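Scroll down for the structure; my scribbles are underneath it.
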Amino acid sequence: MNTRTDTDFTPLDTDLYAKAFQLLDPTPEPAAVTPAAPAQVPLHLTAAPQVRLTGPVENTLTDALTFLYTHGWARRTLIHPEGARCSIGALRAAAGARTTAYRDAGNLLLDEARRQHGNQWQSIPSWNDSHTGAQVRSVWEAAIRRAHHMNI
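Taken in order, the sequence shown gives residues 0 to 151; the numbers are from numbering that gives the first Met the number 0.
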């Protein structure tokens with residue numbers, strides 16, 4: 000293999016471009032002052048907060064309580080003609096079907112009702128009908144917190 004290393008190129012005048020621009024613009028404006036670079040700010044990277052997904056029981060309880068806030072809370076009826084529901088009616092509306100999450104959410108809600116109001120309550124409807132709206136809401140909120148801490 001024969002590789003030629005000498006070329007027949009004419010050497011380039013390094014000031015050629017400067018001379019060309021001077022011919023095009025004989026009186027250049029003074030160069031604009033470039034702004035100083037912004038001060039360097041130290042960058043402290045911290046770990047991103049851990050993302051925790053809510054479990055199906057917590058979701059069901061939260062959705063049911065939201066339903067009660069939105070549509071209203073009722074006593075002595077599953078569904079009031081104006082759309083309000085009792086606790087079990089809200090739980091059914093939130094779950095959509097009698098799933099494992101529905102059953103576990105109901106068990107947790109009844110357990111919390113017994114914690115706050117005594118062990119005599121055999122069902123969510125009997126407990127719901129015997130208490131005020133504030134008492135019922137307190138049980139719902141505590142059940143949601145428990146589901147959150149249990150990660151269910």
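All C-beta atoms in this analysis are idealised placements derived from N, C-alpha and C, irrespective of residue type, glycine included. All values reported here derive from a predicted model rather than from experimental measurement.
R97 burial status per 10 Å Cβ neighbour count (16 or more: buried): What you label residue 97 is simply residue 98 of the sequence shown in a count that begins at 1. Classification for R97: exposed.
Chain-order list of residues whose beta-carbon lies under 8 angstroms from that of A134 (same chain, five-residue window excluded): By one-based count along the sequence shown, residue 134 stands at place 135. Per the sequence shown, the amino acid found at residue 134 is Gln instead of Ala. So the qualifying residues of the chain are Q115 and H116.
Residue environment, Y68, which counts as buried when at least 16 other CB atoms sit within 10 Å: What you label residue 68 is simply residue 69 of the sequence shown in a count that begins at 1. It counts as exposed.
DSSP three-state assignment for L102, whether helix, strand or coil: Residue 102 sits at position 103 when you count from the first residue of the sequence shown. Before going on, a small fix: residue 102 reads as Arg here, not Leu. Three-state result, R102: helix.
For R136, the three-state DSSP class (helix, strand or coil): For the purposes of this step, residue 136 is identified with residue 137 of the sequence shown, where counting begins at 1. If DSSP states are grouped into helix, strand and coil, R136 belongs with the helices.
Nearest-angstrom Cα separation, counted from P124 out to S86: In the sequence shown, residue 86 corresponds to position 87, counting from 1. In the sequence shown, residue 124 corresponds to position 125, counting from 1. So the two alpha carbons sit approximately 7 angstroms from each other.
Delimiting residues of the alpha helix (DSSP H) encompassing N118: As a working mapping, residue 118 is identified with position 119 in the sequence shown. Here N118 belongs to no alpha helix (DSSP H), and DSSP marks it neither H nor E.
E81 - containing alpha helix (DSSP H), residue span: As a first step, residue 81 must be located in the sequence shown, where it is residue number 82. Per DSSP, E81 belongs to no alpha helix (DSSP H) and is neither H nor E.
Three or more C-beta pairs below 8 angstroms linking the segment 68-79 and the segment 51-59: no
Euclidean distance between Cα positions of A94 and A146: Along the sequence shown, one-based indexing puts residue 94 at 95. Along the sequence shown, one-based indexing puts residue 146 at 147. Those two C-alpha atoms are separated by around 15 angstroms.
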